[in-house]
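Let me begin by presenting the structure, written as structure tokens, before commenting on it.
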Amino acid sequence: MSIQIIINGLAVGSVYALIATGFSLIFNILKFSNFSHGALMTLSAFIGYFFAVKTGSSLIPVIIVSMLAGGLVAYIGEFVAFRKITLRSTSPVYYFVSSITLGTLYEGIVTIWVGPNFYNYPRFFQSMVVNIGGFVISKPDLIMFISSCLALALLVIFIQKTRLGRALRSVSFDRDTAGLMGINVFGIIQLAFFISGALAGLSGVFLGINYTLYPQLGNLVVKGFIASVIGGLGSIFGAVVGAILLGLTETLLINFVGSGYAPVFSFLIMLAFLLIRPQGIAGSNVQEKA
Amino acid sequence: MLKVTNLSAAYGHIQALKDVSIEAEKGQIVSIIGSNGAGKSTLLRCISSQVKPTSGTIEFLGKPIPDKPHKVVEAGIVHVPEGRRTFSGLTVEDNLLVGGYLLKGKELYENLEKNYNLFPKLRERKSQYAGTLSGGEQQMLAIARGLMAKPKLILLDEPSLGLAPIIVNQVFNLIEQIRDSGVTVLLVEQNARKALSICDKAYVLENGRITLSGTGCELLNSDKVKKAYLGG
Ligand SMILES: Nc1ncnc2c1ncn2[C@@H]1O[C@H](COP(=O)(O)OP(=O)(O)OP(=O)(O)O)[C@@H](O)[C@H]1O
Ligand SMILES: [Mg+2]
């Protein structure tokens, strides 16, 4: 087994972790699965793509543009699609319907805009490999892994250590009581959507680099979903561990049994978790509403 | 300081408050007693803008209260809700820091220190999850969390509920201490004897209406109160 496969697995896993945490943030705060997350990844990845093509810019600005775009679209999406539901606290089924509709809308916009074709990001690197201590390692993999870890570390510090992060956690636990502490609850919900959207943008660009860009790229959100089930829905820590495990297993399986079977195994792993340990690795006991 | 005038509130068709008027002056403890479902919590929720009244006005320091709960806190009113509602998955310290959300930097940590001195037990437990505290400790945490915002007026909803007698005494001592530190207290209680004995003024709420009011002493000696709330 080569070190290259492991690095690739870690890189893929860390991108899944970005997807899963973006997903978990919203799940935690409003207690629903945001099915528009995948389509938002595609949309913001394409915005980054066209920015790259038009300006010929390097990777970092493209990432920033995609993250800002994802954050902004998610922020608007919250207002348009979810605000009324949250205010009325009616049946959570509406969140489900609304997020699927919103996702379909994003995907529709992308398809109209770019057609059903496949696109490739410009080559951001001169050389595609780096040589570290005699090991030949793919540069995109390494960059993906490092930047994902960096983003996740920043997110954890933000949530655990800052004033707004504490507010975010308290709103996730008990929205009404958080309001009694002087916290502007909707401001915090908007912040969560912005961060979640920015994570969608980051993961979208990385998926686009790793595979190719096409309107259904967002379907890979299912990997983030599996990761958060494995990790325990709602737990960010669990989602990260679940995602890395999933990325590694998948990559190893692709190398040993072929890419056709790998997705089958992903779902088997998820099913096994649902049967044996439905609360996931971290065992958070959040009840899903929709 | 607080002036509630002809307040009515409803949940759908259920009329919870009818024409309620109460007043609290700076530095007082004002108690509201009443049986289950009388509308006590609803009154507090109106004051903290969680429930919109159907009619009537609420003024604080001469101004109408803001229309969003978080703005009410900015105005200087903190509501410690019924049933403690501590953030179970946050540590004790994080609960307190969230309580002081509106304070910045140095002031926040100074106030944290002050509250740890007032509640030494919470300092011992500061890295423990709030959900693992005992009921009495959670009540102390809920009150301390409320004080973290440095309120001018604190609304306490049944702080002695479900606590052992010795802890109940501690809670009432604490309420007097809070008053002595200059914070006005609006206290909702089912433990009428205790609530009346520490308060400056009290109101009896029945079926959404104020039926009686007076000083704590007056109400303790009222036959009606004795019969209905003091067990004969
Ligand atoms: N969210 C709600 N929806 C509908 N009705 C409600 C709601 N909250 C309270 N009520 C009703 O309003 C009335 C007053 O309730 P409230 O909670 O204010 O009483 P309370 O005096 O605090 O009672 P307790 O001592 O049991 O806490 C009750 O009849 C109650 O059933
Ligand atoms: Mg009540």
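As given, the protein sequences belong to chains C and L, one line each in that order. Numbering-wise (the working numbering), the first sequence opens with residue 1 and increments by one. Numbering-wise (the working numbering), the second sequence opens with residue 1 and increments by one. Ideal Cβ positions, reconstructed from N, Cα and C, are used throughout, including at glycine. Note that the coordinates shown come from a computational prediction; the quantities given were computed from them, not determined experimentally.
query                                                                                                                                                                                             : result
I'd like to confirm something about Ser41 (chain L): is its beta-carbon nearer than 7 Å to some heavy atom of ligand 2, or not?                                                                   : yes
Using DSSP with H/G/I as helix, E/B as strand and the rest coil, what is Ile33 (chain L)?                                                                                                         : strand
Rounded to the nearest angstrom, what separates Ile276 (chain C) and Ala227 (chain C) at their Cα positions?                                                                                      : 15 Å
Output yes if chain L places a C-beta closer than 8 Å to the C-beta of Ser235 (chain C); else output no.                                                                                          : no
Does the segment 20-29 of chain L touch the segment 196-209 of chain L, meaning 3 or more C-beta pairs lie closer than 8 Å?                                                                       : yes
If we call anything under 8 Å between Cβ atoms a contact, is Gly38 (chain C) one with Val221 (chain C)?                                                                                           : yes
Tell me, please, whether the CB atom of Arg169 (chain C) is closer than 8 Å to any CB atom in chain L?                                                                                            : yes
Tell me the DSSP secondary structure of Glu113 (chain L) in three-state form.                                                                                                                     : helix
Could you name the residues of chain C that Ala16 (chain L) contacts, counting a contact when the two beta carbons are closer than 9 Å?                                                           : By Cβ distance, chain C contributes nothing, its closest Cβ being about 17 Å from Ala16 (chain L), past 9 Å.
Answer yes or no: does any C-beta atom of chain C fall closer than 8 Å to that of Ser88 (chain L)?                                                                                                : yes
Is it the case that the segment 161-180 of chain L contacts the segment 1-14 of chain L, given that we only count it when at least three CB pairs across the two stretches are under 8 Å?         : no
In chain L, which residues lie with their C-beta within 8 Å of the C-beta of Leu142 (chain C)?                                                                                                    : Under the 8 Å cutoff, chain L gives no residues; its nearest Cβ is about 36 Å from Leu142 (chain C).
Could you tell me which whole beta strand (DSSP E) segments of length 3 or greater appear in the segment 59-116 of chain L?                                                                       : 77-80
Just the Cα atoms here: how many angstroms apart are Ala16 (chain L) and Gly39 (chain L)?                                                                                                         : 5 Å
Are there 16 or more other CB atoms within 10 angstroms of the CB of Lys104 (chain L), so buried, or fewer, so exposed?                                                                           : exposed
Can you check whether the C-beta of Gly99 (chain L) is within less than 8 Å of a C-beta belonging to chain C?                                                                                     : yes
Sort out for me which residues DSSP pairs Asn131 (chain C) with in a bridge.                                                                                                                      : C:Val136
Have a look at L:Ile175, L:Ala144, L:Gln138, L:Ile33 and flag the residue whose alpha-carbon is nearest the alpha-carbon of Gly162 (chain L).                                                     : L:Gln138
At what residues does the beta strand (DSSP E) containing Glu189 (chain L) begin and finish?                                                                                                      : 184-189
Excluding sequence positions up to five away, which residues of its chain have a Cβ less than 6 Å from the Cβ of Ala167 (chain C)?                                                                : Ile183, Ile188
How big is the Cα-Cα spacing for Val73 (chain L) and Leu155 (chain L)?                                                                                                                            : 11 Å
Considering only residues of the segment 43-82 of chain C, which uninterrupted alpha helix (DSSP H) runs meet the minimum length of 4 residues and lie entirely inside it, listed in chain order? : 59-77
Given that Thr177 (chain C) touches chain L, what residues does it touch there, using C-beta distances under 8 Å?                                                                                 : Pro81, Arg85, Phe87
Please determine whether the Cβ atom of Ile195 (chain C) lies at a distance below 7 Å from any heavy atom of ligand 4.                                                                            : As presented, the structure is devoid of ligand 4, carrying ligand 1 and ligand 2 as its sole ligands.
Look at the alpha carbon of Val73 (chain C) and the alpha carbon of Ala178 (chain C), and state the distance between them as a whole number of angstroms.                                         : 26 Å
When you measure from the CB of Glu82 (chain L) to every non-hydrogen atom of ligand 2, does any distance come out below 7 Å?                                                                     : yes
Could you tell me whether any Cβ in chain L is nearer than 8 Å to the Cβ of Phe173 (chain C)?                                                                                                     : yes
Helix, strand or coil for Asp174 (chain C)? Go by DSSP, reduced to three states.                                                                                                                  : coil
Using CA coordinates, which residue listed in L:Asn36, L:Gly100, L:Gly83, L:Thr132 is at the minimum distance from Gln190 (chain L)?                                                              : L:Asn36
Measure the Cβ-Cβ separation of Thr86 (chain L) and Ser127 (chain L) and say whether it is below 8 Å.                                                                                             : no
From this set, C:Gly115, C:Pro140, C:Tyr121, which residue's C-alpha is nearest Ser127 (chain C)'s C-alpha?                                                                                       : C:Pro140
Is DSSP giving Gly258 (chain C) helix, strand or coil here?                                                                                                                                       : coil
Opposite Gly214 (chain L) in the DSSP bridges: which residues?                                                                                                                                    : L:Ala202
On the three-state DSSP scale, how would you describe Tyr11 (chain L)?                                                                                                                            : strand
Under the rule that 16 or more other beta-carbon atoms within 10 Å means buried, what is Val80 (chain C), buried or exposed?                                                                      : exposed
For Val183 (chain L) and Ser160 (chain L), what's the separation of their Cα atoms in angstroms?                                                                                                  : 19 Å
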